[in-house]
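Chemist:
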Amino acid sequence: MKKYSKVDILEEEHCSNEFFHPTCPQNEVVFIKTAHYGRMNIGRCLTEKEIHTYGSQSSNPKFFGCFKDVSSYLNEKCAMKKSCDVRIGELETLFEDVCLPGLKLHLNVTYYCLKEHCADEFFRPHCESGEVIFIKKAHYGRMNIGRCLTEAELEAYGSQRSNSKFFGCFKDVSSNLEKRCNMKNSCDVRIAELQKVVERVCVPGLELHLNVTYSCLKVVQLDDGCEMSATNEVKYVEASEISSRSRCASAGKSFSIEAPRGQNIKMTLQLLHQLEKKKQEGEEEEEEVMCDRVLGTIKYLNKDYMNICSNGFARDKDSLVKQEFVSSSDLIYVSLVHKAIKSNMLLIKVEAVGCRDIIQPEDTWMQRSGDEMIIGCFMTKQKWYLRCLDRVWSGVIGNCSNSYIFSSETKWDKLKPSSQNQTDIFKKQPMLVIVFICGLGFVACATIFCLGIICLRRCSARQHKNLPNYYNNPAPIANIQPAMLFQQQQQQLQQPNFTNFNDSITHEDDETTKDEGRYQVLDQEEVAKETLALV
């Protein structure tokens with residue numbers, strides 16, 4: 001018997017000039033879980049400085065964030081072996097056009113080592129407190145060379161080695177182990193019992209063995225509420241736990257599952273043991289119907305989104321009998337039929353997928369379409385393209401002045417303004433407003449003062465121009481002579497002869513266009529002449 005028990009999963013990153021060399025302890029073999037080759041994330045093989053030198057090209061998903069699944073290739077090289085050696089450079093020649101030319105590619109791989117046991121032993125899985133066993137795959141037969149079946153033993157049978165009924169033969173016994181172990185903390189199965197249950201697996205000869213993989217799942221115990229949250233951490237809930245909550249339905253509520261804003265909900269219903277329908281002899285095979293039996297309903301936006309059908313389960317590549325549902329929002333409502341669920345033993349796997357919404361940087365606009373997002377500046381033509389990889393936004397983003405590199409190690413909190421900075425900004429705003437108003441007041445006062453001075457000067461100039469010009473053209477000083485006047489002469493001066501003068505004034509008054517100053521000058525000249533005549 002060969003038993004593979006669940007152990008810790010190892011994660012490794014290897015650069016283009018390195019080797020992938022997994023090695024397991026004695027009596028354990030390698031099993032590849034995931035393997036991605038490309039230019040996926042910032043880390044040991046690709047630094048922020050290197051990606052930043054490519055500028056806007058780093059936001060292109062064909063340049064950064066591109067990868068290809070190489071799990072099958074590595075499994076061919078390493079699976080079911082104690083160790084293997086794979087040069088990363090080989091992947092570049094085998095898998096071309098993974099990313100645009102530029103920086104080197106790297107390998108991200110997760111694997112684990114499985115322990116094996118041979119004939120006449122027991123399969124005794126044991127999980128920690130609060131966890132239950134979940135059988136993933138169980139094959140019983142003569143499948144591969146290892147500790148239980150050596151190369152020498154197989155060579156002893158010569159040409160029979162090439163017979164598929166002798167070597168490479170097996171039968172799926174997952175359902176047998178599921179009934180004995182699923183949803184239990186531990187179980188005890190003797191391998192010899194499988195020989196009685198499963199007949200004619202391989203032609204007689206060498207001993208048969210068991211390859212089985214299982215997981216220890218931490219099952220969530222729901223509280224008394226009618227809701228649960230979905231996070232990036234996988235949660236397992238027994239379907240009977242949800243279906244038994246009839247009080248939710250009686251209160252007019254459905255059981256709700258909610259994820260963080262922006263993420264979707266992935267709900268996987270795993271059938272713990274498949275109830276095979278036995279066909280009676282002579283009975284014709286029934287035509288497949290759309291939904292032979294409704295196990296429950298998943299609602300979205302208060303509308304029936306899909307029915308959970310008993311004939312909707314299928315085995316995936318890992319031999320898991322399941323149905324998957326991925327919502328298009330962060331909130332769903334689940335209703336399950338208790339009787340149907342109890343008879344089928346369903347386990348519900350709940351997790352949040354995709355990337356959650358981010359805090360919008362200042363002075364930017366955002367446009368999201370599924371796992372891709374565009375962020376741009378209002379005042380400029382700057383744009384940044386992000387891509388969601390494994391629940392983390394990957395790419396370059398800026399704040400319209402500075403840029404940042406985003407990867408699985410970059411936190412969105414770096415872009416969020418601190419509370420201290422926000423407080424300082426709010427304190428400075430009133431002072432800036434006061435200074436601005438005072439400045440406007442000063443400019444207005446200075447403008448009014450200058451306009452007042454200009455107006456006063458213009459008014460003064462106009463008044464000075466309109467005054468009688470008595471002294472602008474005085475009589476010549478030479479015409480005025482000092483004289484000793486007698487009393488008689490003074491009397492004559494006091495009563496001069498103004499006949500001609502008056503005539504002149506009368507004559508000049510008829511002409512409205514003459515200057516008044518001109519008459520005054522003439523009067524002074526006449527007075528001077530009279531004075532000289534008297535002297």
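The sequence shown maps to residues 1 to 535 in full-length UniProt numbering.
Each residue gets a CB set at the ideal place from its N, CA and C atoms; glycine is no exception.
#1: Could you compute how far the alpha carbon of SER83 sits from the alpha carbon of VAL234?
#2: For the alpha helix (DSSP H) containing LEU46, list its first residue and its last residue.
#3: Indicate the three-state DSSP secondary structure (helix, strand or coil) for HIS106 in the structure shown.
#4: Near ALA35, what residues of its chain come up, given a Cβ to Cβ distance below 6 Å and the 5 sequence neighbours on each side ignored?
#5: Rounding to the nearest angstrom, what Cα-Cα distance links SER162 and CYS169 in this structure?
#6: Please state whether the Cβ-Cβ distance between VAL294 and ASN307 is less than 8 Å.
#7: Determine, using beta-carbon pairs with one atom in the region 86 to 100 and one in the region 7 to 22, whether at least three such pairs fall under 8 Å.
#8: With LEU331 and ALA239 assumed to form a contact (beta carbons below 8 Å), what rounded beta-carbon distance in angstroms separates them?
#9: How many angstroms separate the CA atom of ILE359 from the CA atom of GLU227?
#10: Taking three-plus beta-carbon pairs below 8 Å as touching, is the region 203 to 211 in contact with the region 133 to 152?
#11: By how many angstroms is the C-alpha of GLY205 removed from the C-alpha of VAL98?
#12: Helix, strand or coil: how does DSSP classify residue 605 here?
#13: Does the Cβ-Cβ distance between SER215 and GLU258 come in under 8 Å?
#14: Below 8 Å, can you find three or more Cβ-Cβ pairs linking the region 387 to 396 to the region 357 to 375?
#15: Would you give the residue range spanned by the beta strand (DSSP E) that VAL197 belongs to?
#16: Which term fits GLY439, buried or exposed, when burial requires 16 or more other beta carbons within 10 angstroms of its beta carbon?
#17: Check the Cβ-Cβ distances between GLU199 and every residue of chain C, and say whether any is below 8 Å.
#18: Please report the residue range of the alpha helix (DSSP H) in which THR268 lies.
#19: Alpha helix (DSSP H) containing LYS136: first to last residue?
#20: Helix or strand or just coil, what does DSSP make of GLY205?
#21: Using the rule of at least 16 other Cβ atoms within 10 Å of the residue's Cβ for burial, across every protein chain shown, is HIS139 buried or exposed?
#22: Can you tell me where the beta strand (DSSP E) with THR297 in it begins and where it stops?
#23: Could you check the C-alpha separation between SER164 and VAL219 for me, to the nearest Å?
#24: Alpha carbon to alpha carbon, how far is GLU153 from CYS45?
#25: Less than 8 Å between the beta carbons of GLY354 and CYS388, yes or no?
#26: Measure the beta-carbon distance from TYR385 to SER59 and round it to whole angstroms, keeping in mind my assumption that it falls under 8 Å.
#27: Kindly list the residues whose CB is nearer than 6 Å to the CB of LYS266, restricted to its own chain and excluding five residues on each side of it in sequence; keep chain order.
#28: If you run the structure through DSSP and keep just helix, strand and coil, what is PHE20?
#29: I'd like to check one pair, ILE133 with LYS184: are the Cβ atoms closer than 8 Å?
#30: Do you know whose CA, among MET345, LEU269 and MET80, lies nearest PHE313's CA?
#31: Between LYS100 and LYS62, how many whole angstroms is the CB-CB distance? I'm expecting something under 8 Å.
#32: According to the neighbour-count rule (16 or more other Cβ atoms, all chains shown, within 10 Å of its Cβ), is CYS455 buried or exposed?
#33: Ends of the alpha helix (DSSP H) at THR93?
#34: From the DSSP output, in three-state form, read off SER335 for me.
#35: Check whether the Cβ atoms of GLU362 and ASN399 lie closer than 8 Å to each other.
Modeler: The answer reads as follows:
#1: 30 Å
#2: Per DSSP, LEU46 belongs to no alpha helix (DSSP H) and is neither H nor E.
#3: strand
#4: VAL70, SER71, LEU74 and VAL109
#5: 11 Å
#6: yes
#7: yes
#8: No, LEU331 and ALA239 are not in contact; Cβ-Cβ is about 20 Å, not under 8 Å.
#9: 26 Å
#10: yes
#11: 47 Å
#12: Because the chain spans 1 through 535 in this model, residue 605 falls outside it and cannot be assessed.
#13: no
#14: yes
#15: Taken as a continuous stretch (DSSP letters only), VAL197 belongs to no beta strand (DSSP E), being part of the alpha helix (DSSP H) at 192 to 197.
#16: exposed
#17: Reference to chain C is not applicable here, since this structure consists of a single protein chain.
#18: Taken as a continuous stretch (DSSP letters only), THR268 belongs to no alpha helix (DSSP H), being part of the beta strand (DSSP E) at 264 to 271.
#19: It is not in any alpha helix (DSSP H) - LYS136 instead sits in the beta strand (DSSP E) that spans 131 to 142.
#20: coil
#21: buried
#22: 294 to 300
#23: 41 Å
#24: 45 Å
#25: yes
#26: 4 Å
#27: VAL326, GLU351 and VAL353
#28: strand
#29: yes
#30: LEU269
#31: At residue 100 the sequence reads Leu, which differs from the Lys that was named. About 5 Å; that satisfies the 8 Å criterion.
#32: exposed
#33: 88 to 94
#34: strand
#35: yes
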